[in-house]
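Only one structure is covered here, and it is reproduced in the block below.
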Amino acid sequence: MSTKKLHHDRHLPEEIVVQILCRLPIKPLIRFSSVSERWHSLIIEDPQFALSHFKLASDRKTLTQRLLISTDYQLRSLDPETPSFADNNSSLNNLTFAHFSNLLGCCNGLVCVDVDGYDYEKHDLSLWNPSTGFKRELPDSDFVCAVKNLSRFAESDIGRSGLGYVSSTDDYKIFIDAYVYTRPSQTFMEIYSSRLNCWKPIHVREHDPPCSFRSPTTTGLGALTNEALHWFYRKVGEVEPTILAFDLAKEEFREVPFPTFDGDADDVDVHDMGVQVVSRGGGECLCVSIARRRGGVNFMEFWVMREYGVRESWSMLFKFNTDHVSESVGGNLCGYEAIFVTEGGTVIFRLRFRDRLVRIECRREAEPVCSTPFNVNDGDGPVYDVIAYNETLFSVPKLGLHEMNEADVS
(Lines of atoms letter the chains of each structure in order from A and count residues from 1; the text may use other names and numbers.)
(Lines give C-alpha, C1' and ligand atoms only; values in the text may rest on other atoms or scores of the structure.)
Protein backbone atom coordinates (compact mmCIF):
# COMPACT_ATOMS: atom_id res chain seq x y z
CA MET A 1 0.00 0.00 0.00
CA SER A 2 1.43 3.39 -0.98
CA THR A 3 2.08 6.12 1.58
CA LYS A 4 -0.44 8.33 -0.20
CA LYS A 5 -3.13 5.64 -0.02
CA LEU A 6 -2.40 4.96 3.67
CA HIS A 7 -2.65 8.66 4.48
CA HIS A 8 -5.98 8.84 2.66
CA ASP A 9 -7.39 5.84 4.53
CA ARG A 10 -6.62 7.42 7.89
CA HIS A 11 -9.16 10.19 7.24
CA LEU A 12 -12.63 9.38 8.52
CA PRO A 13 -15.74 10.59 6.70
CA GLU A 14 -16.99 13.86 8.16
CA GLU A 15 -20.31 12.38 9.26
CA ILE A 16 -18.40 9.84 11.39
CA VAL A 17 -16.27 12.62 12.89
CA VAL A 18 -19.41 14.59 13.76
CA GLN A 19 -20.99 11.55 15.42
CA ILE A 20 -17.86 11.04 17.52
CA LEU A 21 -17.68 14.70 18.53
CA CYS A 22 -21.36 14.68 19.48
CA ARG A 23 -20.59 12.12 22.19
CA LEU A 24 -17.83 14.12 23.87
CA PRO A 25 -18.26 16.33 26.96
CA ILE A 26 -18.22 20.10 26.56
CA LYS A 27 -14.73 20.78 27.94
CA PRO A 28 -12.78 18.64 25.45
CA LEU A 29 -15.01 19.91 22.64
CA ILE A 30 -14.05 23.49 23.47
CA ARG A 31 -10.38 22.49 23.35
CA PHE A 32 -10.86 20.67 20.03
CA SER A 33 -12.46 23.77 18.49
CA SER A 34 -8.93 25.14 17.98
CA VAL A 35 -7.85 22.17 15.83
CA SER A 36 -9.04 23.81 12.60
CA GLU A 37 -11.36 26.48 11.26
CA ARG A 38 -13.82 23.77 10.25
CA TRP A 39 -13.92 22.27 13.73
CA HIS A 40 -14.28 25.72 15.30
CA SER A 41 -17.17 26.51 12.98
CA LEU A 42 -18.82 23.16 13.73
CA ILE A 43 -18.39 23.14 17.52
CA ILE A 44 -18.86 26.82 18.36
CA GLU A 45 -21.07 28.21 15.60
CA ASP A 46 -23.21 25.39 14.16
CA PRO A 47 -26.69 25.48 15.80
CA GLN A 48 -27.59 22.04 14.46
CA PHE A 49 -24.49 20.49 16.01
CA ALA A 50 -25.27 22.23 19.33
CA LEU A 51 -28.80 20.83 19.24
CA SER A 52 -27.64 17.31 18.32
CA HIS A 53 -25.06 17.35 21.12
CA PHE A 54 -27.65 18.55 23.65
CA LYS A 55 -30.28 15.97 22.63
CA LEU A 56 -27.78 13.11 22.76
CA ALA A 57 -26.47 14.18 26.18
CA SER A 58 -30.05 14.54 27.46
CA ASP A 59 -31.04 11.08 26.19
CA ARG A 60 -27.91 9.48 27.65
CA LYS A 61 -28.30 11.50 30.89
CA THR A 62 -24.75 12.82 30.57
CA LEU A 63 -25.53 16.55 30.74
CA THR A 64 -23.12 18.28 33.11
CA GLN A 65 -24.76 20.62 35.62
CA ARG A 66 -22.86 23.39 37.36
CA LEU A 67 -23.62 26.25 39.72
CA LEU A 68 -22.92 29.82 38.59
CA ILE A 69 -22.03 32.10 41.50
CA SER A 70 -22.04 35.91 41.22
CA THR A 71 -19.86 37.93 43.62
CA ASP A 72 -18.61 41.52 43.69
CA TYR A 73 -15.59 40.89 41.53
CA GLN A 74 -16.24 37.86 39.37
CA LEU A 75 -18.43 34.98 38.31
CA ARG A 76 -17.42 31.52 39.48
CA SER A 77 -18.53 28.06 38.39
CA LEU A 78 -18.85 25.13 40.80
CA ASP A 79 -19.48 21.41 40.28
CA PRO A 80 -22.43 20.71 42.63
CA GLU A 81 -21.72 16.99 42.92
CA THR A 82 -17.95 16.98 43.30
CA PRO A 83 -16.67 14.91 46.27
CA SER A 84 -14.49 17.89 47.26
CA PHE A 85 -17.49 20.20 47.55
CA ALA A 86 -16.10 22.23 50.46
CA ASP A 87 -12.64 22.64 48.90
CA ASN A 88 -12.72 26.12 47.39
CA ASN A 89 -9.59 25.68 45.28
CA SER A 90 -10.37 22.37 43.60
CA SER A 91 -14.11 22.90 43.08
CA LEU A 92 -14.25 26.37 41.54
CA ASN A 93 -13.58 27.75 38.08
CA ASN A 94 -13.22 31.52 37.70
CA LEU A 95 -15.03 32.91 34.65
CA THR A 96 -14.27 36.05 32.68
CA PHE A 97 -17.16 38.48 32.81
CA ALA A 98 -18.02 41.97 34.04
CA HIS A 99 -18.22 42.79 37.75
CA PHE A 100 -21.48 43.19 39.68
CA SER A 101 -23.47 40.76 37.58
CA ASN A 102 -27.03 39.90 38.53
CA LEU A 103 -28.25 36.52 37.22
CA LEU A 104 -31.82 36.76 35.90
CA GLY A 105 -32.47 33.27 34.53
CA CYS A 106 -31.07 30.24 32.76
CA CYS A 107 -32.25 27.92 29.98
CA ASN A 108 -30.40 25.38 27.80
CA GLY A 109 -27.06 26.54 29.21
CA LEU A 110 -27.71 30.20 28.35
CA VAL A 111 -27.79 32.70 31.22
CA CYS A 112 -29.42 36.13 31.27
CA VAL A 113 -26.99 38.50 32.99
CA ASP A 114 -27.69 42.04 34.23
CA VAL A 115 -24.32 43.81 34.36
CA ASP A 116 -23.86 46.56 36.96
CA GLY A 117 -27.33 45.79 38.24
CA TYR A 118 -26.29 46.38 41.82
CA ASP A 119 -25.13 49.98 41.57
CA TYR A 120 -28.80 50.94 40.98
CA GLU A 121 -27.80 53.37 38.22
CA LYS A 122 -27.24 51.15 35.20
CA HIS A 123 -28.61 47.90 33.79
CA ASP A 124 -27.10 46.24 30.72
CA LEU A 125 -28.66 42.86 29.91
CA SER A 126 -26.97 40.09 27.93
CA LEU A 127 -27.46 36.45 27.01
CA TRP A 128 -24.30 34.52 27.84
CA ASN A 129 -23.11 30.93 27.61
CA PRO A 130 -20.57 30.31 30.42
CA SER A 131 -19.35 27.14 28.70
CA THR A 132 -18.41 28.67 25.33
CA GLY A 133 -18.07 32.37 26.15
CA PHE A 134 -20.83 33.31 23.68
CA LYS A 135 -22.38 36.69 24.54
CA ARG A 136 -25.16 38.68 22.93
CA GLU A 137 -26.02 42.13 24.27
CA LEU A 138 -29.74 42.90 24.40
CA PRO A 139 -31.51 46.13 23.47
CA ASP A 140 -32.67 48.35 26.32
CA SER A 141 -36.12 47.67 27.73
CA ASP A 142 -38.46 50.45 28.89
CA PHE A 143 -37.26 49.75 32.44
CA VAL A 144 -33.58 50.14 31.49
CA CYS A 145 -34.33 53.31 29.53
CA ALA A 146 -36.21 54.77 32.51
CA VAL A 147 -33.23 54.11 34.80
CA LYS A 148 -30.71 55.58 32.36
CA ASN A 149 -32.85 58.69 31.76
CA LEU A 150 -33.25 59.60 35.44
CA SER A 151 -32.28 63.21 36.17
CA ARG A 152 -31.29 62.29 39.73
CA PHE A 153 -30.28 59.11 41.52
CA ALA A 154 -33.01 56.61 42.40
CA GLU A 155 -32.69 52.96 43.30
CA SER A 156 -33.96 50.36 40.86
CA ASP A 157 -34.51 46.64 41.14
CA ILE A 158 -35.55 43.63 39.06
CA GLY A 159 -37.75 41.81 41.55
CA ARG A 160 -38.86 38.81 39.49
CA SER A 161 -37.21 37.41 36.38
CA GLY A 162 -36.70 34.32 34.27
CA LEU A 163 -35.46 32.95 30.96
CA GLY A 164 -37.11 30.23 28.90
CA TYR A 165 -37.43 28.73 25.44
CA VAL A 166 -40.56 28.40 23.29
CA SER A 167 -40.03 25.41 21.02
CA SER A 168 -42.91 26.10 18.62
CA THR A 169 -41.36 29.42 17.53
CA ASP A 170 -37.67 28.69 18.27
CA ASP A 171 -37.64 31.71 20.57
CA TYR A 172 -35.83 32.50 23.82
CA LYS A 173 -37.86 34.81 26.05
CA ILE A 174 -36.85 36.84 29.11
CA PHE A 175 -39.35 38.01 31.71
CA ILE A 176 -38.66 40.92 34.10
CA ASP A 177 -40.82 42.50 36.79
CA ALA A 178 -38.93 45.65 37.74
CA TYR A 179 -39.19 48.79 39.86
CA VAL A 180 -37.72 52.29 39.86
CA TYR A 181 -38.08 53.83 43.31
CA THR A 182 -38.88 57.39 42.29
CA ARG A 183 -41.79 59.40 43.71
CA PRO A 184 -44.17 58.07 42.64
CA SER A 185 -42.49 54.73 42.01
CA GLN A 186 -42.51 53.20 38.53
CA THR A 187 -43.24 49.55 37.78
CA PHE A 188 -42.40 47.62 34.63
CA MET A 189 -43.43 44.13 33.57
CA GLU A 190 -41.80 43.29 30.24
CA ILE A 191 -40.81 40.37 28.03
CA TYR A 192 -37.98 40.03 25.52
CA SER A 193 -38.09 37.86 22.38
CA SER A 194 -34.81 36.71 20.81
CA ARG A 195 -36.65 36.01 17.55
CA LEU A 196 -37.80 39.63 17.28
CA ASN A 197 -34.87 41.07 19.26
CA CYS A 198 -37.11 43.48 21.13
CA TRP A 199 -38.96 44.06 24.41
CA LYS A 200 -42.63 44.70 24.92
CA PRO A 201 -44.81 45.38 27.98
CA ILE A 202 -46.98 42.64 29.44
CA HIS A 203 -50.63 43.61 29.73
CA VAL A 204 -52.31 41.68 32.51
CA ARG A 205 -55.96 40.68 32.51
CA GLU A 206 -58.48 41.15 35.31
CA HIS A 207 -57.89 37.76 36.97
CA ASP A 208 -54.11 38.08 36.65
CA PRO A 209 -51.98 39.54 39.45
CA PRO A 210 -51.51 43.30 39.62
CA CYS A 211 -48.97 44.91 37.31
CA SER A 212 -46.28 44.14 39.84
CA PHE A 213 -46.54 41.14 42.14
CA ARG A 214 -44.84 40.08 45.34
CA SER A 215 -44.44 36.66 46.87
CA PRO A 216 -43.99 35.64 50.51
CA THR A 217 -40.43 34.46 49.74
CA THR A 218 -37.36 36.46 48.75
CA THR A 219 -36.44 34.36 45.73
CA GLY A 220 -37.21 36.25 42.53
CA LEU A 221 -35.90 33.75 40.00
CA GLY A 222 -38.67 31.88 38.20
CA ALA A 223 -38.43 28.07 38.12
CA LEU A 224 -38.59 26.96 34.48
CA THR A 225 -40.50 23.87 33.34
CA ASN A 226 -43.18 23.17 30.72
CA GLU A 227 -42.19 26.41 28.96
CA ALA A 228 -43.44 28.45 31.92
CA LEU A 229 -41.82 30.33 34.82
CA HIS A 230 -43.06 29.65 38.36
CA TRP A 231 -43.05 31.57 41.65
CA PHE A 232 -44.83 31.37 44.98
CA TYR A 233 -47.64 33.90 45.18
CA ARG A 234 -50.11 34.79 47.89
CA LYS A 235 -53.25 36.74 47.11
CA VAL A 236 -54.20 39.67 49.28
CA GLY A 237 -56.38 38.52 52.18
CA GLU A 238 -55.62 34.81 51.70
CA VAL A 239 -53.44 32.70 53.99
CA GLU A 240 -52.59 29.78 51.72
CA PRO A 241 -50.04 30.53 49.00
CA THR A 242 -50.34 29.30 45.45
CA ILE A 243 -47.94 28.85 42.56
CA LEU A 244 -48.09 31.51 39.89
CA ALA A 245 -46.98 30.48 36.41
CA PHE A 246 -46.17 32.70 33.45
CA ASP A 247 -46.73 30.90 30.14
CA LEU A 248 -43.94 32.04 27.83
CA ALA A 249 -45.73 31.00 24.62
CA LYS A 250 -49.08 32.63 25.45
CA GLU A 251 -47.43 35.42 27.49
CA GLU A 252 -50.06 35.21 30.20
CA PHE A 253 -50.35 34.17 33.84
CA ARG A 254 -52.09 31.16 35.30
CA GLU A 255 -52.20 29.39 38.65
CA VAL A 256 -50.75 25.95 39.31
CA PRO A 257 -52.45 23.98 42.13
CA PHE A 258 -50.52 23.76 45.38
CA PRO A 259 -50.02 20.45 47.24
CA THR A 260 -52.74 19.45 49.70
CA PHE A 261 -51.16 18.82 53.10
CA ASP A 262 -52.36 16.76 55.99
CA GLY A 263 -52.64 18.48 59.35
CA ASP A 264 -52.93 22.15 60.22
CA ALA A 265 -51.95 24.62 57.51
CA ASP A 266 -50.50 26.89 60.19
CA ASP A 267 -47.50 24.57 60.53
CA VAL A 268 -46.20 25.71 57.12
CA ASP A 269 -43.66 28.55 57.16
CA VAL A 270 -44.39 30.56 54.02
CA HIS A 271 -41.13 32.51 54.35
CA ASP A 272 -38.94 29.42 53.91
CA MET A 273 -40.57 27.94 50.83
CA GLY A 274 -39.11 27.61 47.37
CA VAL A 275 -40.04 26.50 43.86
CA GLN A 276 -37.49 24.36 42.05
CA VAL A 277 -37.24 21.97 39.13
CA VAL A 278 -36.13 18.34 39.48
CA SER A 279 -34.80 16.27 36.56
CA ARG A 280 -36.79 13.07 36.41
CA GLY A 281 -37.03 10.30 33.80
CA GLY A 282 -35.60 12.32 30.95
CA GLY A 283 -37.82 15.33 31.72
CA GLU A 284 -38.23 17.93 34.41
CA CYS A 285 -40.87 18.17 37.15
CA LEU A 286 -42.00 21.10 39.24
CA CYS A 287 -40.84 20.82 42.85
CA VAL A 288 -41.56 22.82 46.01
CA SER A 289 -39.59 22.93 49.25
CA ILE A 290 -41.64 23.59 52.37
CA ALA A 291 -40.61 24.19 55.98
CA ARG A 292 -43.02 22.50 58.42
CA ARG A 293 -43.18 21.79 62.12
CA ARG A 294 -44.51 18.38 63.20
CA GLY A 295 -44.68 17.27 66.82
CA GLY A 296 -42.21 19.91 67.93
CA VAL A 297 -39.69 18.92 65.22
CA ASN A 298 -38.74 21.16 62.28
CA PHE A 299 -38.70 19.47 58.88
CA MET A 300 -37.93 20.49 55.33
CA GLU A 301 -40.11 18.62 52.84
CA PHE A 302 -39.66 18.38 49.07
CA TRP A 303 -42.76 17.68 46.98
CA VAL A 304 -42.77 16.93 43.26
CA MET A 305 -45.61 17.35 40.74
CA ARG A 306 -45.38 14.18 38.66
CA GLU A 307 -48.08 15.26 36.17
CA TYR A 308 -47.93 18.96 35.42
CA GLY A 309 -51.02 20.91 36.42
CA VAL A 310 -52.69 18.02 38.29
CA ARG A 311 -53.04 18.66 42.03
CA GLU A 312 -53.47 14.97 42.82
CA SER A 313 -50.07 14.18 41.28
CA TRP A 314 -48.15 15.98 44.05
CA SER A 315 -46.19 13.54 46.23
CA MET A 316 -43.43 13.92 48.78
CA LEU A 317 -39.99 13.22 47.32
CA PHE A 318 -38.06 13.27 50.60
CA LYS A 319 -37.72 15.22 53.84
CA PHE A 320 -35.17 15.81 56.58
CA ASN A 321 -34.94 17.18 60.11
CA THR A 322 -33.56 20.73 59.82
CA ASP A 323 -32.37 20.69 63.44
CA HIS A 324 -29.75 18.09 62.48
CA VAL A 325 -28.54 20.29 59.65
CA SER A 326 -28.46 23.37 61.89
CA GLU A 327 -26.05 21.58 64.19
CA SER A 328 -23.77 20.78 61.25
CA VAL A 329 -23.60 24.37 59.97
CA GLY A 330 -23.13 25.82 63.44
CA GLY A 331 -26.36 27.69 63.98
CA ASN A 332 -29.97 28.12 62.92
CA LEU A 333 -30.81 27.03 59.38
CA CYS A 334 -32.62 30.27 58.66
CA GLY A 335 -32.57 32.56 55.68
CA TYR A 336 -31.88 29.69 53.29
CA GLU A 337 -33.01 28.69 49.83
CA ALA A 338 -32.67 25.43 47.90
CA ILE A 339 -30.87 26.11 44.62
CA PHE A 340 -30.15 22.56 43.42
CA VAL A 341 -32.34 19.47 43.98
CA THR A 342 -32.05 15.94 42.58
CA GLU A 343 -34.58 13.13 42.64
CA GLY A 344 -32.04 11.01 44.52
CA GLY A 345 -32.12 13.31 47.54
CA THR A 346 -29.22 15.71 47.03
CA VAL A 347 -29.98 19.33 47.95
CA ILE A 348 -27.71 22.37 47.91
CA PHE A 349 -28.85 25.25 50.08
CA ARG A 350 -27.63 28.81 49.98
CA LEU A 351 -27.44 30.41 53.43
CA ARG A 352 -28.31 33.93 52.34
CA PHE A 353 -26.97 35.82 55.34
CA ARG A 354 -23.62 34.03 55.54
CA ASP A 355 -22.59 33.58 51.90
CA ARG A 356 -22.35 29.83 52.31
CA LEU A 357 -23.49 26.79 50.37
CA VAL A 358 -24.35 23.53 52.12
CA ARG A 359 -24.88 20.21 50.35
CA ILE A 360 -27.19 17.71 52.04
CA GLU A 361 -27.62 14.05 51.10
CA CYS A 362 -31.04 12.65 52.07
CA ARG A 363 -30.77 8.96 51.30
CA ARG A 364 -31.91 6.14 53.55
CA GLU A 365 -29.84 7.27 56.51
CA ALA A 366 -31.62 8.10 59.75
CA GLU A 367 -30.13 11.59 59.58
CA PRO A 368 -29.22 13.73 56.56
CA VAL A 369 -25.53 13.78 55.63
CA CYS A 370 -24.35 17.38 55.54
CA SER A 371 -21.21 18.62 53.80
CA THR A 372 -18.77 21.04 55.33
CA PRO A 373 -20.20 24.51 54.61
CA PHE A 374 -18.69 25.96 51.44
CA ASN A 375 -17.63 29.59 51.90
CA VAL A 376 -18.60 31.05 48.57
CA ASN A 377 -17.10 34.53 48.63
CA ASP A 378 -13.50 33.61 49.60
CA GLY A 379 -12.68 37.31 49.91
CA ASP A 380 -14.58 38.34 46.79
CA GLY A 381 -17.24 40.31 48.63
CA PRO A 382 -20.92 39.42 49.06
CA VAL A 383 -22.63 36.76 46.98
CA TYR A 384 -25.43 38.16 44.85
CA ASP A 385 -26.87 35.19 43.01
CA VAL A 386 -26.41 31.44 42.61
CA ILE A 387 -28.02 29.61 39.69
CA ALA A 388 -27.80 26.08 38.28
CA TYR A 389 -27.05 25.65 34.56
CA ASN A 390 -26.21 22.90 32.07
CA GLU A 391 -23.02 22.91 30.03
CA THR A 392 -24.11 23.26 26.38
CA LEU A 393 -22.98 24.74 23.05
CA PHE A 394 -26.10 26.84 22.43
CA SER A 395 -25.97 30.43 21.22
CA VAL A 396 -28.53 32.93 19.96
CA PRO A 397 -27.49 34.36 16.59
CA LYS A 398 -28.40 37.90 15.67
CA LEU A 399 -31.15 38.29 13.10
CA GLY A 400 -30.13 39.43 9.66
CA LEU A 401 -32.32 41.69 7.55
CA HIS A 402 -33.94 38.71 5.78
CA GLU A 403 -34.80 36.99 9.07
CA MET A 404 -36.10 40.24 10.56
CA ASN A 405 -38.46 40.71 7.61
CA GLU A 406 -39.67 37.11 7.96
CA ALA A 407 -40.32 37.66 11.68
CA ASP A 408 -42.30 40.83 10.91
CA VAL A 409 -44.41 39.00 8.35
CA SER A 410 -45.21 36.12 10.73
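At position 165 of the sequence shown the residue is numbered 165 (full-length UniProt numbering), and the sequence of numbers has no breaks. A virtual CB, placed ideally from N, CA and C, is assigned to each residue, including glycine.
1) Report the three-state DSSP secondary structure of His53 (helix, strand or coil).
2) Measuring only the C-alpha atoms, how far is Glu15 from Lys398?
3) Quick check on the DSSP output: the beta strand (DSSP E) that includes Asp114 runs from which residue to which?
4) I'd like the span of the beta strand (DSSP E) that includes Ile202, first residue to last.
5) Can you tell which of Thr342, Ile174 and Leu12 has the C-alpha that lies nearest to the C-alpha of Trp128?
6) Is the CB-CB distance between Ile43 and Leu29 below 8 Å?
7) Closest by CA to Asp124, which one among Pro130, Ala146 and Ser131?
8) Sorted by chain position, which residues of the same chain lie with C-beta nearer than 7 Å to Asn226's C-beta, five sequence neighbours on each side aside?
9) By Cβ distance, which residues of its chain are closer than 6 Å to Val278, with the 5 residues on each side in sequence left out?
10) Taking the C-alpha atoms as reference points, what is the distance between Pro257 and Phe232?
11) Do the segment 313-325 and the segment 379-393 touch if we need at least three Cβ pairs shorter than 8 Å?
12) What is the DSSP secondary structure of Ala249, reduced to helix, strand or coil?
13) Return no unless some Cβ of chain D is closer than 8 Å to the Cβ of Asn102.
14) Taking the beta carbon of Leu138 as the centre, do at least 16 other beta carbons fall within 10 Å, making it buried, or is it exposed?
15) If I follow the unbroken beta strand (DSSP E) through Cys107, where does it start and stop?
16) From Ala291 to Gly283, what does the alpha carbon distance come to, in whole angstroms?
From the atom records:
1) Translated into positions along the sequence shown, residue 53 becomes position 53. Helix, per DSSP.
2) By 1-based counting over the sequence shown, the position of residue 15 is 15. By 1-based counting over the sequence shown, the position of residue 398 is 398. Rounded to the nearest angstrom, the two C-alpha atoms are 28 Å apart.
3) Taking the sequence shown and counting its residues from 1, one reaches residue 114 at position 114. Residues Leu110 to Val115.
4) As a first step, residue 202 is located in the sequence shown; it is residue number 202 there, counting from the start. Taken as a continuous stretch (DSSP letters only), Ile202 belongs to no beta strand (DSSP E), as it is neither H nor E.
5) Numbered from 1 along the sequence shown, position 128 holds the residue referred to as residue 128. The shortest C-alpha separation from Trp128 is found at Ile174.
6) The count along the sequence shown starts at 1 and reaches residue 43 at position 43. The count along the sequence shown starts at 1 and reaches residue 29 at position 29. Going by C-beta atoms, Ile43 is nearer than 8 Å to Leu29.
7) The count along the sequence shown starts at 1 and reaches residue 124 at position 124. For Asp124, the nearest C-alpha among the options comes from Ala146.
8) Working through the sequence shown from its first residue, we reach residue 226 at position 226. Cβ within range, chain order: Tyr308.
9) Looking up residue 278 in the sequence shown gives position 278. Excluding sequence neighbours, Val278 sits near Cys285, Cys287, Val304, Val341 and Glu343.
10) Position 257 of the sequence shown, counting from 1, holds the residue named residue 257. Position 232 of the sequence shown, counting from 1, holds the residue named residue 232. Answer to the nearest angstrom: the Cα atoms are 11 Å apart.
11) no
12) Your numbering for residue 249 matches position 249 in the sequence shown. Coil.
13) In the structure shown, chain D does not exist; there is a single protein chain.
14) Mapped onto the sequence shown, residue 138 falls at position 138. When all chains shown are included, Leu138 counts as buried.
15) For the purposes of this step, residue 107 is taken as the residue at position 107 of the sequence shown. Ser101 to Cys107 is the span of the beta strand (DSSP E), which, as asked, contains Cys107.
16) Stepping through the sequence shown from its first residue, residue 291 is reached at position 291. Stepping through the sequence shown from its first residue, residue 283 is reached at position 283. Roughly 26 Å separates the two Cα atoms.
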